[in-house]
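Chains Y and W are the protein sequences, given in the same order.
Read the first sequence against my numbering and you will find it ends at 358, with the numbers running on by one and no gaps.
Read the second sequence against my numbering and you will find it ends at 122, with the numbers running on by one and no gaps.
For reference, the structure discussed in these notes is given below.
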Amino acid sequence: GNSVTQMEGPVTLSEEAFLTINCTYTATGYPSLFWYVQYPGEGLQLLLKATKADDKGSNKGFEATYRKETTSFHLEKGSVQVSDSAVYFCALSPMNYGGATNKLIFGTGTLLAVQP
Amino acid sequence: DAGVIQSPRHEVTEMGQEVTLRCKPISGHNSLFWYRQTMMRGLELLIYFNNNVPIDDSGMPEDRFSAKMPNASFSTLKIQPSEPRDSAVYFCASSFLQLNTEAFFGQGTRLTVV
Chain Y
243 GNSVTQMEGP VTLSEEAFLT INCTYTATGY PSLFWYVQYP GEGLQLLLKA TKADDKGSNK
303 GFEATYRKET TSFHLEKGSV QVSDSAVYFC ALSPMNYGGA TNKLIFGTGT LLAVQP
Chain W
9 DAGVIQSPRH EVTEMGQEVT LRCKPISGHN SLFWYRQTMM RGLELLIYFN NNVPIDDSGM
69 PEDRFSAKMP NASFSTLKIQ PSEPRDSAVY FCASSFLQLN TEAFFGQGTR LTVV
């Protein structure tokens with residue numbers, strides 16, 4: 243079946259540190275991959291996405307590369323800020339040969355806490 | 009556009025009572041999703057609709073849960089009777105029905121069943 247596995251948190255970093263949050267997936271075919279971010283008390287917001295192998299999604303200094311050979315989509319940022327503190331979710335949208343599908347399957351989320 | 013609108017934002021109810029959560033998707037979107045978020049189970053897809061038709065309800069936990077989408081601009085998730093283990097944050101999301109598109113989430117309804 244389709245599933246997403248994320249590294250467990252919390253991840254605690256000092257401001258300006260380098261961030262990596264690992265994400266691996268299991269899926270048939272060629273799913274689309276997403277990172278969503280959830281700030282306290284809010285819904286999820288799309289951070290970035292990649293729709294095919296070797297694509298790199300990027301936004302607000304975050305980036306992730308779709309690696310089919312390792313079935314991974316790790317999130318990175320070179321220098322985190324306090325305002326990046328949030329929960330980050332990796333997700334996939336399975337490919338459905340029967341037609342268009344936009345169903346999202348999420349990982350468990352990783353809490354990032356950035357200290358000044 | 010105001011985004012996906014959910015109501016109420018918070019709901020506290022007694023065990024055994026009926027609870028109805030409401031969602032207004034973004035205008036023009038033709039897919040709608042209901043998710044449940046808990047500490048133990050993370051974010052679970054309960055049901056989703058395409059063009060107002062339920063496509064996959066395999067995530068609905070049991071018969072106490074039901075969802076409807078009578079038109080393109082409104083959906084409800086009903087729990088009857090509610091139980092304490094239903095306490096969670098329930099999110100509604102909407103998107104266009106096409107490959108590779110992202111979903112837009114509402115702010116959620118925090119349900120507490122006492």
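By construction, the Cβ of each residue, glycine as well, lies at the ideal position given by its N, Cα and C atoms.
Considering just the uninterrupted stretch of the beta strand (DSSP E) at residue i, what are its terminal residues?
i: E206/Y; result: This structure gives no information on residue 206/Y, because the portion of chain Y shown stretches from 243 to 358.
i: F82/W; result: 82-87
i: V253/Y; result: 253-256
i: A75/W; result: 73-79
i: D64/W; result: 61-64
Please state whether DSSP places residue i in a helix, a strand or coil.
i: R309/Y; result: strand
i: V20/W; result: strand
i: K322/Y; result: The question names Lys, but residue 322/Y is Val in the sequence shown. DSSP places V322/Y in coil when its eight states are reduced to three.
i: P92/W; result: helix
i: R49/W; result: coil
i: K291/Y; result: strand
i: Y272/Y; result: coil
Name the chain W residues that come within less than 9 Å of residue i, Cβ to Cβ?
i: E284/Y; result: F113, Q115, G116
If the cut is a Cβ gap below 9 Å, which residues of chain Y does residue i touch?
i: G24/W; result: Chain Y residues near G24/W: none, gap ~29 Å exceeds 9 Å.
i: D65/W; result: Residues of chain Y passing the Cβ test: none, with the nearest at roughly 12 Å.
Near residue i, what residues of its chain come up, given a Cβ to Cβ distance below 8 Å and the 5 sequence neighbours on each side ignored?
i: I367/Y; result: Because chain Y is modelled from 243 through 358, residue 367/Y falls outside the range shown and cannot be assessed.
If the cut is a Cβ gap below 7 Å, which residues of chain W does residue i touch?
i: F348/Y; result: G50, L51
What residues in its chain sit with their C-beta under 6 Å from that of residue i, if we drop five residues either side in the sequence?
i: R30/W; result: S15, T84
i: A292/Y; result: L275, G299, Y308
Run through chain Y and tell me which residues come within less than 7 Å of residue i, C-beta to C-beta.
i: E110/W; result: F276, L288, K291
i: Y56/W; result: K345
Tell me which residues share the same chain as residue i and place their Cβ nearer than 7 Å to its Cβ, disregarding the 5 neighbours each side in the sequence.
i: L53/W; result: F41, Y43, G67
Report yes or no: do the region 109-120 of chain W and the region 64-74 of chain W share at least 3 C-beta pairs separated by less than 8 Å? no
Is it true that the region 83-93 of chain W meets the region 259-272 of chain Y, where meeting means three or more beta-carbon pairs spaced less than 8 Å apart? no
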